[in-house]
Structure formats: C-alpha cells, structure tokens
Amino acid sequence: MKEAALLKQTVKALMQGQLRAAQDPHRPAWHLAPSVGLLNDPNGFIQFDGDFHLFYQWNPLACAHGAKFWGHWRSADLVHWQHEPIALVPSEEYESHGCYSGSAVDNDGVLTLIYTGNVKFAEGRTAWQCLATLEEDGSCRKLGPVLALPEGYSGHVRDPKVWRHDDGQWYMVLGAQNLAGEGKVLLLRSGDLHSWQLLGEIAGSQLNGLGDFGYMWECPDLFRLGNHDILITCPQGLAPQPKRWLNTFQSGYFIGELDYQHARFPHGEFHELDLGFEFYAPQTTASSDGRRLLFGWMGIPDGDEFYQPTLAYGWIHQMTCPRELTLEQGSLRQRPARELQQLRRSPLTLQGAAQQLEPLDISSAELLIQPEGVLTLHFADALRLSWDGKELQLSRRNPRSGVEEHRYWHGSLARLHIFCDRSSIEIFINDGEAVMSSRYFPTVTPQLRLEGETNVRLHYWRLEAGM
Ligand code: FRU
30 MKEAALLKQT VKALMQGQLR AAQDPHRPAW HLAPSVGLLN DPNGFIQFDG DFHLFYQWNP
90 LACAHGAKFW GHWRSADLVH WQHEPIALVP SEEYESHGCY SGSAVDNDGV LTLIYTGNVK
150 FAEGRTAWQC LATLEEDGSC RKLGPVLALP EGYSGHVRDP KVWRHDDGQW YMVLGAQNLA
210 GEGKVLLLRS GDLHSWQLLG EIAGSQLNGL GDFGYMWECP DLFRLGNHDI LITCPQGLAP
270 QPKRWLNTFQ SGYFIGELDY QHARFPHGEF HELDLGFEFY APQTTASSDG RRLLFGWMGI
330 PDGDEFYQPT LAYGWIHQMT CPRELTLEQG SLRQRPAREL QQLRRSPLTL QGAAQQLEPL
390 DISSAELLIQ PEGVLTLHFA DALRLSWDGK ELQLSRRNPR SGVEEHRYWH GSLARLHIFC
450 DRSSIEIFIN DGEAVMSSRY FPTVTPQLRL EGETNVRLHY WRLEAGM
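The opening position of the sequence shown corresponds to residue 30 in the working numbering, with each subsequent residue numbered one higher.
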C-alpha cells in the first residue's frame, strides 16, 4: 500500500485511539509506550547534535505484529521525550512487509538510518538493508536498498547495527540464518554506507565453540566497553534450562575481542542481559559524555503478550528505562541512567522489621532496599520477589495457564534498586550486577507490602510523570 494511504489510516487510528490509550490505568507515567498499537524493538538510538533520538518498531494500525513502521521520539535529557513525525512507513516494494529494526549513525552531520526492508512472498521471504536520512523538518527521506540477501543465507537477514571504527570505515553487524538453519552474526564493511562488503561470520551457532546455539540470531549490537568488545544479540531456539533461558527467546551478550582484519570474534560464554519475564532486542549508543546507554523492549516475541490487559485500551508494550552499561571485573553492569534522578519527589527513608513497615504506593516509584535476611516483596496482587538467603525468585501467574512461573538470580544480595511504573518493574540487583525486568498488571491500586521478620533499610521516592 502506498505511503499516503498508510499515513491516512495511521492518523485515523491515532485520532480514534489515543484518548482511550491515555486513560489506561496500566499506562506508564514515565516509560516510553506507543500512543496506540504495538511497539517492539528500540531502533536508531543515537545522541545527535546534543539531542537523544529513539526510533522504535511500531504497528500503529493494530495491536499485532503486522507491517512495521518506525516511530520517533526526541529528548534533550533521556527522560522527557517528545514525539517527532513518523519516521518510516512501509510503503515501498523493498519493505512491503515492514521497515524492520536497524540503527542510526552520524554521517558527517547527517543523521542516517540503516534498517531492514522485510518482504514476504506466498512462500518465503527476502530482506534488503536500506538507508534513509533525517531531514531538517523531522521527516525521513528514503534512499532505498543498499544490500540484498548475501549468498548462503535464508530470507532471515536483518537488524543492521552500524558504527564507524578508528580506521574511518563503517562496520555493520547483521543478524542472519544460514541455509542449514543456524543463527549467525555477520560483519560487513563500507567506506560510504552505500556499498558493503561481507567480511564473514563473527559469531553464531556452531562458531567459537558454541555448538548448536539457535536457528536465528536477531538484533546484534557490537561496541567497545572498557578494554573489550561486547556483542549483544538475541538467539532464538535455545532450549530452556532449569533456572535460565526461560523466556520464549533470549537476549544476552558475549565478551570478546573483535579482529576487524580477519572478521573473527573469539569470545567467552553467553550471559543473559536481563533475568526478568520481559526483555528483548536492546540497542545501545554512545553518549557525548562517553557513556554506553541502552534501551530494551519490555516484551518478548511470541510470548504471552496477547493476554495483556492494555489490549482493551488499544496499545501494547513499552520500553525499559534508559540504562548505563559498564564493564567491571570482567562482567557487564547495568545501572539506571543517572538522568532518571530528575523524576524523584517526596523522599522517604524507612528502617525496621520488614512486616511492620506501612505498604508503599508504587504506582510510579523508585526504591532502594537493603535486606538483612529472608524477605518477600509483594507488588500489589500481581508479582512477588522473594529472597531466601541464597536465591532471588521473581514469581507471577502465567496469564494463559494460570500456573505460577519463576525467574531466578543467585548470589550474595546486598541491595535492590527497584523502579515501578504502573505496569512495569525493573529490579537492579547489587548495583547493576543483574537486572530483572517485567510487566505486571495489578487489579488493585499498586502498593508494595514487605513480608519477613528481618530488618530492612529502605529509601523511597515517588517518581514524577516524565512525558
Ligand atoms: C525482534 C524483531 C527483529 C525485527 C523486528 C520486527 O523483536 O523480530 O528481528 O527486525 O523485531 O518488528
């Protein structure tokens, strides 16, 4: 369908749906969520001319994974965001089934987007890697495809993440599936963003000692952090293990060294980036002050998403909060972006036996908790976090089966840093050693109740709406 017709339908969907969506009690106060329709991956995250830009996978026409548009938000401070004109509409033949995920670069003063044009046929599919530029008036100008399917791969080749290396060349990592049905990450090089040379497979199933490691790797991202290179990717097809890899698809990282000359990436083991129920397809960028920032999608493809009550209000899914990444003693840490402190209001410090503390309003709140012993946190009637001295367990009832499900972290617990926003929770463990992100849908006013005889020390802030 052509651009004008798609835009007309989008305006109609927005005009008819946005008030209803805004009235949803589960709608976030300060996280990014779609005005209407379905949001998934963060795309094109960049700080450009001072401002942060975050694009996103968006189907404005339905709460379903149909043809994907790119929506666009802009912010001066990572916390207060404004809508920008719709960036990409899947109107051309080379993107007929979606302007799929991709990234943004600063090409000598031109904000340039690199994304996947996804095309489905009656049988099979193909994919084009495409360019677009952001214009003065906030619209995007499409430059068309610059890369067809490389030989030896199925139609599942997507999600380009591009950066400029010290040698002045552009490099791209691309998620791919080979003809044997193995997930891979490809490395490509270009001098001008238009003509690309495939250098090789740098990671994937059957590579770097991994064995069988999934049938498709989505949304790769590669960047330098500390003295190492980090490859983030989302392998699909890993069998669940008793206490890890429990979501439908995983999102994690490898630490290694990228050999740009020989396209090799010897790396260590796969670590999950987030241990909660909803986290996928994260994307990072470098801020002008030298930080590595990340947004993730607080959702999972093919999860239990189509039971979420926000559907009744015509929208589904949201982003995580922005996070800062560091590499400390060989492991990745994620902390909430420091800019979020702007939202803090009404500080409160409490100390005492857990079960004697008054329930706290957590509809939009930040908490720092130092538990001294066994403790359970009840997030309204929808989610529970229990610490038994060895294991942290996040529990909730599966909306489809009614069975209670758990996610786990093991270690020595010193501190929990928790962000609640209406229907989402992000739990940072021990100053960013691990994170658990989850949606949850209370049927009562959201309050936190503590259970346990142990003493706790707790800092609390109400968080101001950010939009
Ligand atoms: C990940 C993903 C990407 C794809 C996009 C489509 O969630 O499947 O691989 O580009 O979503 O919306």
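Think of the CB as a built atom: it goes at the ideal place given N, C-alpha and C, for glycine as much as any other residue.
Practice problem: Find out if the Cβ-Cβ distance for the pair Arg-486, Gln-399 is shorter than 8 Å. | Solution: Yes, they are a contact pair.
Quiz item: Which residue's Cα is closest to the Cα of Lys-31: Gln-111, Ser-120, Glu-113, Phe-84?
Solution: Considering only alpha carbons, the answer is Ser-120.
Self-check item: Within 8 Å, strictly: CB atoms of Tyr-182 and Leu-208
Solution: Result yes, Cβ atoms of Tyr-182 and Leu-208 sit closer than 8 Å.
Quiz prompt | Alpha-carbon spacing of Ala-219 relative to Ser-415, whole angstroms | solution = Ala is not the amino acid found at residue 219; the sequence shown has Ser there. The C-alpha of Ser-415 is placed about 50 Å away from the C-alpha of Ser-219.
Quiz item: Which runs of the beta strand (DSSP E), 3 residues or longer, sit entirely within the stretch 54 to 137?
Solution: The stretch 54 to 137 contains, as complete beta strand (DSSP E) runs of 3+ residues, the segments 66 to 77, 80 to 88, 98 to 104, 110 to 112, 128 to 136 (chain order).
Quiz item: Do Ala-83 and Trp-99 have their CB atoms nearer than 8 Å?
Solution: First, the amino acid is wrong: residue 83 is Leu here, not Ala. The answer is no: Cβ separation not under 8 Å.
Quiz item: Looking only at C-alpha atoms, which of Gln-206, Glu-307, Asn-459 sits nearest to Pro-330?
Solution: The candidate whose alpha carbon is nearest that of Pro-330 is Glu-307.
Practice problem: Kindly confirm or deny that the stretch 384 to 395 and the stretch 474 to 482 touch, where touching means at least three C-beta pairs closer than 8 Å. | Solution: Touching, yes.
Quiz item: Is the beta carbon of Leu-492 sitting closer than 8 Å to the one on Ser-393?
Solution: For the 8 Å CB-CB criterion, Leu-492 and Ser-393 form a contact.
Exercise. Assuming Leu-354 and Leu-260 form a contact by the criterion Cβ under 8 Å, report the distance between their Cβ atoms to the nearest whole angstrom.
Key: With 8 Å as the limit, Leu-354 and Leu-260 do not qualify as a contact, their Cβ atoms being about 13 Å apart.
Exercise. Could you check how far apart the C-beta atoms of Asp-188 and Ser-234 are, in whole angstroms? I think they sit under 8 Å.
Key: In this structure Asp-188 does not touch Ser-234 by the C-beta definition: roughly 17 Å separates them, more than the 8 Å allowed.
Quiz item: Can you round the beta-carbon distance between Leu-68 and Ala-91 to whole angstroms, since I take them to be within the 8 Å contact cut?
Solution: That belief does not hold up - the Cβ atoms of Leu-68 and Ala-91 are roughly 12 Å apart, past 8 Å.
Self-check item: Cα-Cα separation between Leu-423 and Leu-396, rounded to whole angstroms
Solution: One C-alpha to the other measures close to 16 Å.
Practice problem: Please name the residue in Phe-81, Val-403, Phe-294, Leu-275 whose C-alpha comes closest to that of Ile-284. | Solution: Ranking Phe-81, Val-403, Phe-294, Leu-275 by CA distance to the CA of Ile-284 puts Phe-294 first.
Quiz item: Do three or more CB pairs link the stretch 44 to 54 to the stretch 275 to 289 at distances below 8 Å?
Solution: No, the stretch 44 to 54 does not touch the stretch 275 to 289.
Quiz item: My guess is that Leu-142 and Ala-156 are in contact by the Cβ rule of under 8 Å, so how many angstroms apart are they, rounded?
Solution: A Cβ-Cβ separation of about 16 Å leaves Leu-142 out of contact with Ala-156 under the 8 Å criterion.
Quiz prompt | Near the ligand FRU: Ala-205 beta-carbon under 7 Å from a heavy atom | solution = Ala-205: no, Cβ never under 7 Å from the ligand FRU.
Quiz item: Can you name the start and end residues of the beta strand (DSSP E) that Ala-268 belongs to?
Solution: Run containing Ala-268: none; DSSP gives neither H nor E here.
Quiz item: Since Asn-427 contacts Asp-333 with CB under 8 Å, what's their CB separation in whole angstroms?
Solution: Asn-427 to Asp-333, Cβ: 6 Å. Contact.
Self-check item: Alpha-carbon spacing of Gly-440 relative to Glu-462, whole angstroms
Solution: It is roughly 10 Å from the alpha-carbon of Gly-440 to the alpha-carbon of Glu-462.
Quiz item: Taking all protein chains shown into account, do 16 or more other C-beta atoms lie within 10 angstroms of the C-beta of Asp-196, making it buried, or fewer, making it exposed?
Solution: Under this definition Asp-196 is an exposed residue.
Quiz item: Taking 7 Å as the cut-off, does the CB of Glu-385 come closer than this to any heavy atom belonging to the ligand FRU?
Solution: Looking at the sequence shown, residue 385 is not Glu but Gln. Not one heavy atom of the ligand FRU falls within 7 Å of the beta-carbon of Gln-385.
Quiz item: What residue ranges within the stretch 318 to 401 form continuous alpha helix (DSSP H) runs of no fewer than 4 residues, ordered along the chain?
Solution: For the stretch 318 to 401, not a single whole alpha helix (DSSP H) run of length 4 or above is found.
Quiz prompt | For Ala-310, three-class secondary structure by DSSP | solution = Strand, per DSSP.
Quiz item: So is the beta-carbon of Ser-130 under 7 Å away from any non-hydrogen atom of the ligand FRU?
Solution: Correct: Ser-130 has its Cβ closer than 7 Å to the ligand FRU.
Quiz item: With respect to 7 Å, is the separation between the Cβ of Thr-262 and the closest non-hydrogen atom of the ligand FRU below this value?
Solution: Set against 7 Å, the gap from the CB of Thr-262 to the closest heavy atom of the ligand FRU is not smaller.
Self-check item: Option nearest Asn-72 by Cα separation, candidates Arg-170, Ala-133, Pro-63
Solution: Measuring from the Cα of Asn-72, the nearest candidate turns out to be Ala-133.
Self-check item: Close Cβ partners of Cys-449 (< 6 Å) along its chain, the five nearest in sequence each way excluded
Solution: If we look at Cys-449 and ignore the five residues flanking it on each side, its Cβ neighbours are Ile-391, Ala-394.
Quiz item: For Asn-276, which residues from the same chain have a beta carbon less than 6 Å from its beta carbon, with the 5 sequence-adjacent residues on both sides left out?
Solution: By the criterion of a C-beta distance shorter than 6 Å, Asn-276 is surrounded in its chain by Ile-329, once the five residues flanking it on both sides are discounted.
Self-check item: Delimiting residues of the alpha helix (DSSP H) encompassing Gln-38
Solution: Residue range 32 to 51 is occupied by the alpha helix (DSSP H) that includes Gln-38.
Quiz item: Cβ of Asp-70 versus every heavy atom of the ligand FRU: is any distance shorter than 7 Å?
Solution: True, at least one ligand heavy atom lies under 7 Å from that Cβ.
Exercise. Look at the Cβ atom of His-488, then the Cβ atom of Pro-376, and state whether they are nearer than 8 Å.
Key: Remark: C-beta atoms of His-488 and Pro-376 approach each other more closely than 8 Å.
Practice problem: Could you check how far apart the C-beta atoms of Leu-172 and Phe-77 are, in whole angstroms? I think they sit under 8 Å. | Solution: Wrong, their Cβ atoms sit about 18 Å apart, outside the cutoff.
Quiz item: What did DSSP end up calling Ala-409 once you bin it into helix, strand or coil?
Solution: Here Ala-409 sits in coil by DSSP.
Quiz prompt | Beta-carbon gap between Gln-347 and Pro-89 smaller than 8 Å | solution = Not in contact: Gln-347 and Pro-89 (Cβ atoms no closer than 8 Å).
Quiz item: Under 8 Å, do Asp-53 and Thr-313 count as touching if we go by C-beta distance?
Solution: No. Outside cutoff.
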